[in-house]
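Residue numbers (the UniProt record's numbering): 1 to 78. For every residue, glycine included, the Cβ atom is placed at its ideal position computed from N, Cα and C. Being a predicted model, the structure only gives us computed values, none of them experimental.
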């Protein structure tokens with residue numbers, strides 16, 4: 001399994017859907033960013049502000065990241 005190192009901040013956890021098919025979300029605000037290793041195979045998409053990562057039980061997390069978009073794109077490409 002290959003990993004990239006990113007500086008991740010606040011995030012939104014999508015826990016699934018309720019009976020009305022509405023997303024169940026949890027907003028997590030942090031004061032300080034932290035360095036994390038992210039398995040490349042778990043990355044679903046990247047925008048200029050967020051990286052979407054898949055976790056167990058069909059849970060996904062939208063993380064804010066500090067690196068610039070081009071850096072993240074290059075990390076994922078190499």
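Taking 6 Å as the limit between beta carbons, can you name the residues of its chain near residue i, skipping five residues before and five after?
| i | result |
| --- | --- |
| residue 69 | 48 |
Specify the secondary structure class of residue i as computed by DSSP and reduced to three states.
| i | result |
| --- | --- |
| residue 60 | strand |
| residue 72 | helix |
| residue 67 | coil |
| residue 45 | strand |
Once you ignore the five residues that flank residue i on each side, which residues in its own chain have a CB closer than 8 Å to its CB?
| i | result |
| --- | --- |
| residue 59 | 13, 14, 15, 16 |
Could you tell me which residues DSSP puts in a beta bridge with residue i?
| i | result |
| --- | --- |
| residue 36 | 6 |
| residue 122 | Nothing can be reported for residue 122, as the shown portion of the chain is limited to 1 through 78. |
Just how far apart, CA to CA, sit residue i and residue j?
| i | j | result |
| --- | --- | --- |
| residue 42 | residue 18 | 24 Å |
| residue 52 | residue 35 | 16 Å |
| residue 30 | residue 62 | 14 Å |
The beta strand (DSSP E) spanning residue i covers which residue range?
| i | result |
| --- | --- |
| residue 54 | 50-55 |
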